[in-house]
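In terms of the numbering used here, the sequence shown opens at residue 167 and continues consecutively.
In this text, a Cβ means the ideal position worked out from N, Cα and C, and glycines have one as well.
A short write-up of the structure that comes next.
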Amino acid sequence: ILGFSVVGLNISSGNDATKLQSAARDMVSALRFAKGQALISHKETTVALDLNENSYTVSDREKVYTIPDTIALTVVTAQEELNGKGLANIRFFPDGSSSGGRIKLEMNSAIWQIDINWLTGQVELESK
């Protein structure tokens with residue numbers, strides 16, 4: 167029986183790691199989608215992050231994407247993209263550039279970092 171509890175703990179921590187990685191990859195997909203939409207539609211597209219609700223939306227879409235409460239979300243972006251009430255935007259422009267920024271998703275001691283290049287709008291995901 168003791169063997170089951172040890173295995174259960176390993177599975178649980180594996181699930182946490184998978185949950186964190188999945189949330190980071192989903193956000194990267196949303197950011198890359200937003201960049202593509204800006205290029206195709208020739209209009210600014212925004213990914214709006216709500217740090218109070220641990221969620222984000224992509225402009226012109228009603229769906230709210232939620233991040234599990236066990237994951238801490240941190241955003242660094244241009245001052246004009248912050249509203250001071252826990253909301254931050256990552257904006258993509260029709261020429262492929264963006265407001266740029268860095269998003270960190272943390273759970274326990276694991277960190278996934280998303281970097282958005284302001285000049286190229288390139289979105290990169292890295293485990294820290």
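Query                                                                                                   : Result
Whole-angstrom C-beta distance between N255 and T212, which should lie under 8 Å                        : 5 Å
For F317, three-class secondary structure by DSSP                                                       : Because the chain is modelled from 167 through 294, residue 317 falls outside the range shown and cannot be assessed.
6 Å Cβ shell around A244 - same chain, five flanking residues per side excluded                         : S265
Backbone secondary structure at E246 - three-state DSSP                                                 : helix
Buried versus exposed call for I206 [16 or more other C-beta atoms within 10 Å across all chains shown] : exposed
C-alpha gap between V289 and D281, whole angstroms                                                      : 6 Å
Beta-carbon gap between V241 and I277 smaller than 8 Å                                                  : no
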